[in-house]
Amino acid sequence: MDILPILSTLRRHKLTSWLLILEIALTCAIVCNAVFLIGQRLQRMDMPSGVAEHELLQIQVADVTAPSNPYARLAEDLAVLRQVPGVISVASSNQVPFGTSSSNGNLRLDPAQPERTLNAGTYFGENLAHTLGTRLVSGRDLQSDDFIDADTAMKALGTGDSKNLPHVTLITQTLAERLWPGQNPLGRTIYLTPVVGLRVVGVLDSLARANAYDTAKAQYTMVVPLRMGANKDQNYLIRTRPEDRASVMVAALAALKKADPQRVVTTRRSFDEVRRKFFQDDRAMAGMLVGVIAALLIVTALGIVGLASFWVAQRRRTIGVRRALGATRRNILNYFQTENFLLATIGIVLGMALAYGINLFLMLHYELPRLPAVYFPVGAIVLWLVGQAAVLGPALRAAAVPPVVATRSV
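First residue of the sequence shown: 1, per the UniProt record's numbering; consecutive thereafter.
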């Protein structure tokens, strides 16, 4: 179809044409960035934890009065939980993947190093890797004689007594590759402080840190053989079969209450709940952005329908004349679809430039990554389809105008 008559018509309707173009441009810019942000949120929500998520339970209890020997209390509680029917494995831990309470340490490759190499999540607890279900890919697991009581370690740290400090650790593959790219990490030493050097004895496939807000650093984790003792911040982790989780939770709570009726249960949940709570804001944000996209597309479609309907009514006599001169219904239909396509294309080109500018702003102020180029054609296709669908109704009404309208208007 010759587009020169279409362009000539649009020049006579500059204001309305530019208003529609700007509406499409703004929609394109926001939709491209919103889809990108949704993708970022979905990718973050799919972050691997490295643990047997559907087999884990978390329990936290608080004592009314502090136990005289927290290490003995911890051992008693773990022994009680192991006796619960359906329990596969039990461990204590200072934190859980995707938890809101975290423990972290600054790692150095040299004790004299002035600045840290990176920050990593530090897990404390016996039998932790087995209970969590994280896979050991090389080396060995931590042994009972590797562990040091936290009180003993704190005293040793104050006096510089390295003999009573932890000496070994487990780290994730991601952390190992970051510290020693392409090298075998086993036997190498990392330092939490100038006197706390930990030799790597095992490498874990994956283990996410608590408060894993930075996806790139979520797997920077290590397990340190430190025994914390029973306290309100300590987590009892129970591994069981997925179908037994509800019954094991009830039995485990009853066993702990029987051991000490005065204790208060502060947390009891499955790991599925841990993940769901941690990513609830991401789900809400993704849902809100989907709503924004839908609203913008609907408003843009209504704008196209309204403007096209106005132009059809305004050009009714002209359409009748063209029909009287031999134009077919398909010719009239194609005319309005092509006109809309041209307006949408101009708006999309402007929208892509605006989308790029918005992304630069977000990169500068909110540390978001660069908008991949693939989102531009996706946004263009969506808006072309919305435009063609929106103009179809008014275009069909225009195509239905009979030639006799031209004579009635004379």
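Idealized CB from N, CA, C, for every residue including glycine.
Note the first and the last residue of the continuous alpha helix (DSSP H) segment covering residue i.
| i | result |
| --- | --- |
| G357 | R329 to Y366 |
| N164 | Segment: none, N164 is in no alpha helix (DSSP H) and carries neither H nor E. |
| I190 | No alpha helix (DSSP H) holds I190; the beta strand (DSSP E) holding it covers T189 to T193. |
| V305 | Q280 to Q314 |
| T16 | K14 to M45 |
| Y375 | Y375 to A399 |
| S8 | L4 to R11 |
| D77 | P70 to R82 |
| R245 | R245 to A259 |
| L325 | Premise fails: L325 is in no alpha helix (DSSP H) and is neither H nor E. |
| L128 | L128 to L132 |
According to DSSP, which residues form a beta bridge with residue i?
| i | result |
| --- | --- |
| Y236 | I59 and S92 |
| G105 | A120 |
| S270 | L57 |
| S138 | V203 |
| R227 | D149 |
| M222 | T122 and I171 |
| L198 | I190 |
| V265 | V61 |
| V87 | T240 |
Quick one: give me the first and last residue of the beta strand (DSSP E) that residue i is part of.
| i | result |
| --- | --- |
| Y213 | Premise fails: Y213 is in no beta strand (DSSP E) and is neither H nor E. |
Use the C-beta contact count for residue i: other C-beta atoms within 10 angstroms, 16 or more gives buried, fewer gives exposed.
| i | result |
| --- | --- |
| V404 | exposed |
| S92 | buried |
| V51 | buried |
| S270 | buried |
| Y220 | buried |
| N33 | buried |
| R108 | buried |
| T328 | exposed |
| R330 | exposed |
| F361 | exposed |
| Y366 | exposed |
| T27 | buried |
| Q280 | exposed |
| N94 | buried |
| V401 | buried |
| V264 | exposed |
| F310 | exposed |
| E126 | buried |
| R11 | exposed |
| E273 | exposed |
| G326 | exposed |
| H228 | Sequence inspection shows Met at residue 228; the His mentioned does not correspond to that position. M228 should be labelled buried. |
| L179 | buried |
| R322 | buried |
| P70 | buried |
| N359 | buried |
| L19 | exposed |
Apart from the five residues just before and just after residue i, which ones in its own chain have a Cβ nearer than 8 Å to its Cβ?
| i | result |
| --- | --- |
| L198 | P166, H167, V168, T169, T189, I190, Y191, L192, M222 and V224 |
| T65 | Q262 |
| T152 | N164 |
For residue i, which residues of its own chain have a beta-carbon under 6 Å away from its beta-carbon, when the five flanking residues on both sides are left out?
| i | result |
| --- | --- |
| S409 | Note that S409 scores 47 on pLDDT, short of 50, meaning its location in the model is unreliable; the coordinates nonetheless yield the value given after this. The answer, listed in chain order, is R317. |
| R73 | P67 and A230 |
| residue 423 | The displayed coordinates of the chain run from 1 to 410. Any statement about residue 423 would go beyond what the structure contains. |
| I293 | V31 and A34 |
| E339 | I6 |
| V90 | L78, L81, R82 and I238 |
| T174 | Q219 |
| F36 | L371 and Y375 |
CB-CB under 7 Å to residue i, same chain, minus the five flanking residues each way: which ones, in chain order?
| i | result |
| --- | --- |
| V312 | P394, R397 and A398 |
| M47 | A208, A212, T215 and A218 |
| V386 | L297, T300 and A301 |
| T134 | G50, V51, L204, D205, S206 and L207 |
| T122 | S103, N104, G105, M222 and V224 |
| L15 | none |
| F336 | A308, V391, P394, A395 and A398 |
| H54 | P242 and D272 |
Next on the checklist: Below 8 Å, how does it come out for the segment 85-104 and the segment 215-235: are there three or more Cβ pairs, yes or no?
Outcome noted: yes
Checklist entry - Does the segment 283-292 touch the segment 40-48, meaning 3 or more C-beta pairs lie closer than 8 Å? => result yes
Checklist entry - Should the segment 51-58 be regarded as contacting the segment 301-317, the criterion being three or more beta carbon pairs within less than 8 Å? => result With the cut-off at 8 Å, the segment 51-58 and the segment 301-317 do not touch.
Item to check | Three or more C-beta pairs below 8 Å linking the segment 145-163 and the segment 104-120 | outcome: no
Next on the checklist: With a threshold of 8 Å, are at least 3 pairs of Cβ atoms found where one atom belongs to the segment 132-148 and the other to the segment 66-86?
Outcome noted: no
Next on the checklist: Using 8 Å as the cut-off, can you tell me whether the segment 345-362 makes contact with the segment 371-385, which would need three or more C-beta pairs spanning the two stretches below that distance?
Outcome noted: yes
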